[in-house]
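Enquirer: One structure, as structure tokens, below. Some questions next.
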Amino acid sequence: MAEEMERRIGAHDERGNPGRETAKSIPFTNAARLQGSFTGQAERKALAWIAARLPAWVNSDHLTLAGFAAMFLAGASYALARTNRAGLLLATLFLAVNWFGDSLDGTLARVRNRQRPRYGFYVDHMIDTFGGLFLMVGLAISGFLDWRIALGMFIAFLMLSVQVYLATYTVGNFQLSFAKLGPTEIRILLALGNAVLWFRPETRVFGTSYRLFDAGGVIAMAGMAFMLIFSTIRNTVKLYRAETLPLERAQEAD
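Position in the sequence shown (from 1) plus 1357 gives the number in the working numbering.
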């Protein structure tokens, strides 16, 4: 299958240019979306209700761009919060706008039967990558989060994302949440953290004073590391069993 796809992707027309039609002809099957977060069911109903009432001139690309711009502005707002606490309020606002655009674009495409699964998957997750970078840079500049913890969180996020994307291709499951936590829950936790920071930027853990986001960032890194290791082991075992070689099967039978 992989060799056939490579052959077809590499096809050229009579002028030596890559064939435009070959990309369209490559078979594509949507992976099963696994969304078991706390807000998942209510969120799906709310998004479907909103999508059905959006004006016709609003399309999925508009929402995707709005979500992307909002994440950039959320990072800029955190950077502003270093000198002006109003940045925390702006960050919360832009996180809400990001939820609106990022969560609604795919729902709108499905409601209007205008799906572009390969385009949507690729663009959405590249934007998520840049959005994560904007957010971590903004938090590091803000002074509310140590830059080393921000870097560690971004690296952990990238590694977990790689695992998710590889599993989507090889296992056929697109994991949208882990341990009941998904992107929406992360935004909610950040918004709650912003509210706490407004009044009390430091917290106490085992009698020692720490910055709230430093403590939360370490917990987030540990959680992502656990999810990465657990998912990697689980999917490796699943794929090994699915593709056990004939000789190995014979030896197991003996």
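All C-beta atoms in this analysis are idealised placements derived from N, C-alpha and C, irrespective of residue type, glycine included.
(1) To the nearest angstrom, report how far apart Val1519 and Val1575 are at their CA atoms.
(2) So, is Ile1512 buried or exposed, given that buried needs 16 or more other C-beta atoms within 10 angstroms?
(3) Can you tell me the Cα-Cα spacing of Ala1408 and Leu1465, whole angstroms?
(4) Measure the beta-carbon distance from Ala1548 to Thr1449 and round it to whole angstroms, keeping in mind my assumption that it falls under 8 Å.
(5) For my contact list, Trp1555 and Leu1445 are in at a C-beta cut-off of 8 Å; report their separation, rounded to the angstrom.
(6) Among the candidates Arg1471, Asp1462, Gly1432 and Arg1469, whose CA atom is the shortest distance from the CA of Leu1452?
(7) Do you know whose CA, among Val1468, Ile1543, Ala1497 and Ser1417, lies nearest Leu1437's CA?
(8) Okay, do the segment 1415-1434 and the segment 1456-1472 touch, 3+ Cβ pairs below 8 Å being the bar?
(9) Since Glu1542 and Phe1395 should fall inside the 8 Å C-beta cutoff, what is the C-beta to C-beta distance between them, to a whole number of angstroms?
(10) Specify, as a first and last residue, the run of the alpha helix (DSSP H) that Leu1447 falls within.
(11) DSSP on Phe1535, reduced to helix/strand/coil?
Expert: Checking against the coordinates, here is how it stands:
(1) Spanning the two alpha carbons is a distance of roughly 20 Å.
(2) So Ile1512 ends up on the exposed side.
(3) Taking the straight line joining both Cα atoms gives about 5 Å.
(4) Contact holds; Cβ gap of about 5 Å.
(5) Their Cβ separation, rounded to whole angstroms, is 6 Å, which keeps Trp1555 and Leu1445 in contact under 8 Å.
(6) Distances from the alpha-carbon of Leu1452 to those of Arg1471, Asp1462, Gly1432 and Arg1469 put Gly1432 closest.
(7) The residue among Val1468, Ile1543, Ala1497 and Ser1417 with its C-alpha nearest the C-alpha of Leu1437 is Ala1497.
(8) Yes: the two stretches touch, three or more of their Cβ pairs being nearer than 8 Å.
(9) Contact flag correct, Cβ pair sits at about 6 Å.
(10) It spans Ala1443 to Val1468 - the alpha helix (DSSP H) in which Leu1447 sits, taken as one unbroken run.
(11) Residue state, collapsed to three classes: strand.
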